[in-house]
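S.K.: Residue numbers (this note's numbering), protein chains in the order written: chain A, 1 to 184; chain B, 1001 to 1205; chain C, 2001 to 2646; chain D, 3001 to 3329.
Idealized CB from N, CA, C, for every residue including glycine.
Just so you know, these numbers come straight off a predicted model, no measurement behind them.
I'd like to ask some things about the structure below.
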Amino acid sequence: MRAAIPILVLSAALALNGCKREQRVFDPGSSGSQVANGVPLNEVHAGGPVSLSDASKYEGSAYAVGEGKRLYEAYNCVGCHAHGGGAIGPALMDSQWIYGSRPEQIYSDIVQGRPNGMPSYAGKIPDYQVWELVAYVRSMSGQLPSDVAPSRSDEMPVKKAEQAQPKEHPADENPQPVQQGRPQ
Amino acid sequence: MAERVDRAVLDVSKLPTVGFGMHSITWWGIMGMMAIEGMVFLLMIASYFYLHSRSVEWPPDRNPPDLFWGTLNLGLFLVSIIPNEWYRRRARKGDLRAVRLGLVILSLFGIANVVVRYFELWHLNTDWSIDAYGSAVWTLMGLHVLHLLTDLIDTLVLTTLFFTTLVEGKRFQDAEENAAYWYFVVGFWVPIYLVIYWAPRWLHA
Amino acid sequence: MITTSVGCQTELTDAERLQAAQLDRVWQEPAGFIGWFKAVHHTTIGRRYFFTALLFFLLAGLLAGAMRLQLAFPEAHFLSNDKYNQIFTMHGSTMMFLFAVPMMFETFSVYLVPLMVGTRNIAFPRLNAYSYYLYAFGGLMFYIAFVCNTGADRGWFSYVPLAGPDYGPGKRPDFWAQLITFTEVSALAVAVETIVTVFRLRAPGMSLNRIPIFVWGQVVVAFMVIFALPGVVLSSTMLLLDRTCSTQFFNPAVGGDVLLFQHLFWWFGHPEVYLIFIPGTAIVSTIVTTFSRRHVFGYLVLVLAMVATGFMAFGLWVHHMFATGIPQIAESYFTAASMMIAIPTGAQIFCWIATMATGKVVLRTPLWWVIGFFFVFVMGGMTGIFVASVPVDLQVHDTYFVVAHFHYVLIGGAVFPLFGAITYWFPKLTGRMMSEKLGQLSFWLFFVGFNVTFFPMHLVGLRGMPRRVYTYPPNMGWTQLNQIESLGYILLFLSVCILLWNMFKSARSGAIAGPNPWNAGTLEWATTSPPPCYNFLHLPTVNGREAIWDATPNQPVVVGLDEDARSFLTTRTLDAEPDGRDEFPSPSIWPFLAAVATSLAFIGSIFTPWGITIGAIPVAITMIAWFWPKRQPAERRRAREIWQSE
Amino acid sequence: MILAAVPGFQGNQTALNPVGPGAAHIEFEFSLIFWITTAVYCIVLLVLVIAVARKRHSFEAMPEPLTTTPESDRIAKRSVGAAMIATVILLFIMLVGSFETSRALGSMNPENALTIDVYGHQWWWEVQYPNDEAYKTVVTANEIHLPVGVPIRIHGTSRDVIHSFWAPNVQGKRDLMPGYETEIMMQIDQPGAWRGQCAEYCGEQHAHMSFYMVAETKDQFAKWLNDQAQSSVSPSTPETARGQQVFLTHACVLCHTIRGTPAGSRVGPDLTHVASRTTIAAGELPNTVGNLGGWILNAQGIKPGCRMPPNQLSGSELQDLLAYLETLK
């Protein structure tokens, strides 16, 4: 099938992030299921026990981000942050990030909790689910490639679908590995 | 040409090479296209009413769309039928000047329709992502825009052909069939116009 | 010798040799690598359709093997649930969209119909090439996606909301939706070509009541395609819009409706079944006629039966949705309609049996496949009555009973006739006969293997095993039956291997066939095997339903077409009296380029709503180039123009 | 009818072993169609075989085609006509049978029926016994207890994608769809646990989404319902007390309800009386301490893709938690 060459070329490109995007890890294994511990992560030793490759593994997988979206409801993040617009808690779909917009920073926000209301989920949510939440939270402000970010949900449309969300530019923005290789 | 003498033959050398309507196979092709696209339109309209049957209020908590631009477009479409029919008939006679003129007029009509359609879309009463009603309305509109543009491009290309290249019988067939297709575009605007602009008014109660 | 008058001459006069050389110059397909993409003759494109569809059949068959392996043991871990869901979806979608329709409809229409109606090419040859490339690219895209772990995994029907934006993460359902777009465009194009070819390009004398039943079948299917496919065009488009443009068609929270998808899908999905097996029945009619050595019994009944099936097919889509809860009255109507469909089918069966009972039956391989068809397809029809009855359907729906039912109908109604057809028309395609011994061996293996694989599915379904489960508990009494089914698969696998080997070997060293090895009656046998690039040296005229059998001793042939151009004769729709002359377009690269542009637009729209809008520009450009006239032929035509007298 | 005699059709998940009027009606129509179609099938193919055998002709040569006339086809014409008439009559019989069955099924809709709400989730069944006094409403999962011989009205819908509620021994299947309310009438006349399973493909774990319909005597049922209405027993031993703390301080509390404790999330099944159920994981595993422990530690290993995350608990934590859960009778 020589006739296929142009398609082959195109789909080769597609293949690159295709496989990663469709990755579905059901059984995260012991490492993933470690309950997130409260190890502080901050500017001083960014990452620490968690590396960015960790983050990109989840931010690259549409399934993980989708799970994050489900957990965002299930664990009632929506109760305070609403659908990203914020209410009791700060908004998540804008460019304002009190404690930083990088994955490992959001990770520690969730695990350690923050003053004035944000509880600590240390010891409750397994590690991999925290990362799924991180990935989804970042997709809310358009930080993720639009072919990974979730589509609209089967509810009252209260905001743009994450995949249609224009990318916000947080003050502390620095290039994230996952943001290369956007399809458009 | 040389034939075996003992072989009975059926000589077709005197048959016409330029025919219109049912005598032209491209005309049949166009009819096939229309059947397919017509079916899409019908099913989309059916879906519109199916969605209506599943909802309490129609259109859901908003007013029916503003009539002006849609009706204006309807008017344009209906008027365009006159030159369309005229050059269609002239094409069958092979009247070059008439067909050239007709194609120019229809191109202008097409452009006008597109412009009006642009304002029409701006003045719709909904967005496609608000609810199922909006999605249905926009899809209906989108389908018709698609056909409008297709025929406009078709007409423009044909016009260029008529002014630049050598015009043979086949071109007149094309012209005649282009006119037929325009009827399809106009013909399906009428039900879609009624569905988009009047159905909400009638079903609003 | 019957074939002398319409059949091709064994000895040519000098004049005819010159004429043949001239026709050959004009109709030759362009040579070389680029030439391959310019080809527009229906035999070339038809062959490509055949081999591509066959390839997809084999791929889907291998996927089935993987599933049988997984299901051979309870709680097996040979496949992960994620992989299994992709595999059964790929199997279903491939078999339906990339094998069954392209093989039973596109391939047979494109390759055989123009030969059978006695013309030189299919109507709109460039569109034909375009449709093939789209089909091939669509299938290729689907499988590349599968290799990239992006195989569709929501079932061949991709119901919402499971395949919708909220529950189908990633791009898997989008690739499914676009596969539909690709294949439906190609099917619709071929449908138009077929109808125009049959209605306008028939040989003089082939009035409606003399059209071969096979051709009738393809025409009925073509019309069904035109009216059914728009349903799935819409449903898959809505799905794509919901997923990429946040439309709300299927979102119950804001007036959307999950059943809308099912209604639209089955508006297409049910006729789909018939447009897969009507060509099958058309093939059966042809083979039964030839191998019973008589005109088929009840020509009119058979034709009307196919037409009736075509109409009724649109009246019973809801019987795939009984379990969703349908109003009593609608329920009764759809039950009745679903049972009534058995009447035309029954009529056809009886007519074939009558034909054989009153003829001289020659038991060659093609007829063996047809007899296999009777045993399998009739069984499928019988179980069809179970699922037609609403109450019973509520029990067997979505269980392995239904899996058994539609494999009996589709493999019985399509694959058995298909393998028969391959054996029957192989000589026409290659000029050589297939091996009778190997042919019968593969038939018996397939027949036994098929029943071993699929009959137990009835039982395991009645024992409560649902469809589309990637595994099952050990204590359900399903294990042994599943293992028997898996063993049956091995037989099927062997049989197909033997069939392929038979084709491969016979194509090289089979016995030389000659123009009409089966001494059959339809026009494709009235030319050399394989046919020349201009199909017929003399365009034939027709004097009966079996053109060759009914030909008068000195049947006239058509003369007077320009031989320096690809000219052809158009005839009137009803009585096929000569009506006009026209000219086929020459080979061109533009259909291929247009197909590439279209594919890019389709695939692009999976990733961004702009895909279509921007992608439309190259499509438009290539299409304009495609239709742009050339000066020199235009001048020639104009010089000879004769205008229709109004 | 005769099929039921075939070994394997006595199971607790087969349409051919009806234990209630619903499935019984259907099984009758099934048998009717079965016998008619079987007979027709045999006759048709017998005729075919005889025809081919009698008219069998030379193998090598393809003889010249026969010339046929209306006269030569007269017998054939008559027999085909007769066959068609027979077909129509038989179809009509089966059609009437089908209508009658539908009517019978439609007519089992008494006022005094006991109503049970069923909600399909990916991939488990939420079951509610509504009660006018809300606090008496019973919420459980994957196990539908009901009294023998009493008509039941199941109100069903889905919380996410389309599922299909199907217990073949009891009644035909019906889809549970988001945005729709489905009503299924049924009745069980034979005590026992009848297995059901989701019959509409619903994603990763469609294969593991079953439930049991437990039919028991009126008194047993009344007692069961009353027990279920109570809120959970408070821990009586230090071990179970620690277990409750484990439950409330780990992931469990984020998804599960135990009435009488702060745990009140509706994401996962209600565990107020988890120990009283015979299975866990939507009917996949018998409810034993071992299975429960394995499920809590790594549900993903048992039901890949299901909503229950793996949990890292120390040995003692797990012991206490299990001890506590075991008390929730």
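Assign proline 40(A) to one of two classes, buried (16 or more other C-beta atoms within 10 Å of its C-beta) or exposed (fewer than that).
M.R.: Per-residue confidence for proline 40(A) stands at a pLDDT of 47, beneath the threshold of 50, marking its modelled position as unreliable; the derived number appears in the next sentence. With fewer than 16 other Cβ atoms within 10 Å, it is exposed.
S.K.: Quick one, are the C-beta atoms of asparagine 1125(B) and proline 1064(B) less than 9 angstroms apart?
M.R.: Yes; because the gap between Cβ atoms is below 9 angstroms, this pair is in contact.
S.K.: Assign glutamate 3204(D) to buried or exposed, taking buried as 16 or more other Cβ atoms, counted over all protein chains shown, within 10 Å of its Cβ.
M.R.: Label assigned to glutamate 3204(D): buried.
S.K.: Taking the alpha-carbon positions, what's the alanine 2336(C) to leucine 3095(D) distance?
M.R.: Alanine 2336(C) and leucine 3095(D): Cα-Cα distance of roughly 7 angstroms.
S.K.: Can you give the beta carbon distance from threonine 3182(D) to threonine 3157(D), rounded, assuming they're within the 8 angstroms contact cut?
M.R.: About 7 angstroms separates the two Cβ atoms, so the contact holds.
S.K.: For alanine 2189(C), would you say it is in contact with chain A, using Cβ-to-Cβ distances shorter than 9 angstroms as the test?
M.R.: No, no contact with chain A.
S.K.: Against chain C, with Cβ distances strictly below 9 angstroms, would lysine 160(A) count as a contact?
M.R.: Yes, because at least one Cβ of chain C sits closer than 9 angstroms to the Cβ of lysine 160(A).
S.K.: For the segment 2452-2470 of chain C against the segment 3183-3192 of chain D, are there 3 or more C-beta pairs whose distance is under 8 angstroms?
M.R.: As far as the Cβ criterion goes, the segment 2452-2470 of chain C does not touch the segment 3183-3192 of chain D, which means the pair count is below three.
S.K.: Could you tell me which chain C residues have their CB closer than 7 angstroms to the CB of histidine 3025(D), listed as they occur along the chain?
M.R.: In chain order: Pro2391.
S.K.: Just to confirm my understanding: we take tryptophan 2590(C), look at its own chain, exclude 5 residues before and 5 after, and list those with CB closer than 7 angstroms. What are they?
M.R.: Excluding residues within five positions, the ones whose Cβ falls inside 7 angstroms are Thr2622, Ala2625, Trp2626.
S.K.: Out of curiosity, what's the CA-to-CA distance linking methionine 2503(C) and threonine 1159(B)?
M.R.: Each residue's alpha carbon lies about 52 angstroms from the other.
S.K.: Would the beta-carbon of phenylalanine 1119(B) fall within 9 angstroms of that of tryptophan 1069(B)?
M.R.: Yes.
S.K.: If you measure from the beta carbon of lysine 2630(C) to each beta carbon in chain A, is any gap under 9 angstroms?
M.R.: So no, lysine 2630(C) is outside the interface.
S.K.: The alpha helix (DSSP H) spanning glutamate 132(A) covers which residue range?
M.R.: Glutamate 132(A) -> alpha helix (DSSP H) spans 127-140.
S.K.: If you check the beta carbons only, do glycine 2431(C) and alanine 2513(C) fall under 9 angstroms apart?
M.R.: Cβ atoms of glycine 2431(C) and alanine 2513(C): closer than 9 angstroms.
S.K.: Report buried or exposed for tyrosine 75(A), applying the criterion of at least 16 other Cβ atoms within 10 angstroms of its Cβ.
M.R.: The residue is buried, with at least 16 neighbouring Cβ atoms inside 10 Å.
S.K.: Write down the C-beta distance between phenylalanine 2137(C) and alanine 2594(C) rounded to the nearest angstrom, noting that I regard them as a contact closer than 8 angstroms.
M.R.: No, phenylalanine 2137(C) and alanine 2594(C) are not in contact; Cβ-Cβ is about 12 angstroms, not under 8 angstroms.
S.K.: Only counting runs of 4 or more residues, tell me where the alpha helix (DSSP H) segments fall wholly within the segment 2141-2191 of chain C, in order along the chain.
M.R.: Within the segment 2141-2191 of chain C, no complete alpha helix (DSSP H) run reaches 4 residues.
S.K.: DSSP three-state label for glutamate 2106(C), please.
M.R.: Helix.
S.K.: Please report the distance separating the alpha-carbon of phenylalanine 2105(C) from that of isoleucine 2411(C).
M.R.: Going by the C-alpha atoms only, they are around 15 angstroms apart.
S.K.: Closest by CA to phenylalanine 2249(C), which one among Tyr2159(C), Val2284(C), Leu2304(C), His2295(C)?
M.R.: Minimum Cα distance to phenylalanine 2249(C) is reached at Tyr2159(C).
S.K.: What residues in the segment 2437-2467 of chain C bring their beta carbon closer than 8 angstroms to a beta carbon of chain D?
M.R.: Residues Leu2459, Leu2462, Arg2463, Gly2464, Pro2466, Arg2467.
S.K.: DSSP three-state label for phenylalanine 2250(C), please.
M.R.: In this structure, phenylalanine 2250(C) counts as coil in the three-state DSSP scheme.
S.K.: State yes or no: is the C-beta of glycine 1169(B) within less than 9 angstroms of the C-beta of glycine 1094(B)?
M.R.: The answer is yes: Cβ separation under 9 angstroms.
S.K.: Would alanine 164(A) count as contacting chain C if we go by Cβ distances under 9 angstroms?
M.R.: At least one chain C Cβ lies under 9 angstroms of alanine 164(A).
S.K.: Under 9 angstroms Cβ-Cβ, which residues of chain C neighbour proline 1060(B)?
M.R.: In chain order: Val2254, Gly2255.
S.K.: So which residues on chain C does threonine 3115(D) lean against when the C-beta distance must stay under 9 angstroms?
M.R.: Residues of chain C passing the Cβ test: none, with the nearest at roughly 17 angstroms.
S.K.: What does DSSP give as the partner residue(s) for threonine 3279(D) in the beta ladder?
M.R.: Answer by DSSP bridge pairing, in chain order: Pro3286(D).
S.K.: Helix or strand or just coil, what does DSSP make of glutamate 1003(B)?
M.R.: Caution is warranted here: a pLDDT of 45 is assigned to glutamate 1003(B), below 50, making its placement in the model unreliable, and the coordinate value is therefore given only provisionally. Three-state DSSP puts glutamate 1003(B) in coil, outside helix and strand.
S.K.: Considering only C-alpha positions, which residue in the set Val2496(C), Phe2375(C), Ser2093(C) is nearest to threonine 3038(D)?
M.R.: Among Val2496(C), Phe2375(C), Ser2093(C), the Cα nearest to that of threonine 3038(D) belongs to Phe2375(C).
S.K.: Where does the unbroken alpha helix (DSSP H) through glycine 2046(C) begin, and where does it stop?
M.R.: Where glycine 2046(C) is concerned, the enclosing alpha helix (DSSP H) stretches over 2042-2071.
S.K.: Count the other CB atoms, across all protein chains shown, that sit within 10 Å of the CB of serine 108(A); report buried if there are 16 or more and exposed otherwise.
M.R.: Buried, by the Cβ-count rule.
S.K.: Look up tyrosine 3119(D) in the DSSP assignment and give the residues it is bridged to.
M.R.: According to DSSP, tyrosine 3119(D) bridges with Glu3126(D), Thr3157(D).
S.K.: Under the DSSP definition of a beta bridge, which residues are partnered with glutamine 3197(D)?
M.R.: Glutamine 3197(D) is bridged to Ser3210(D).
S.K.: Starting from the Cα of isoleucine 2498(C), find the closest Cα among Leu2259(C), Ser2389(C), Leu2441(C), Pro2417(C) and give me that residue.
M.R.: The shortest C-alpha separation from isoleucine 2498(C) is found at Leu2441(C).
S.K.: Could you check where the alpha helix (DSSP H) with isoleucine 2283(C) kicks off and where it finishes?
M.R.: Here the alpha helix (DSSP H) through isoleucine 2283(C) covers 2258-2292.
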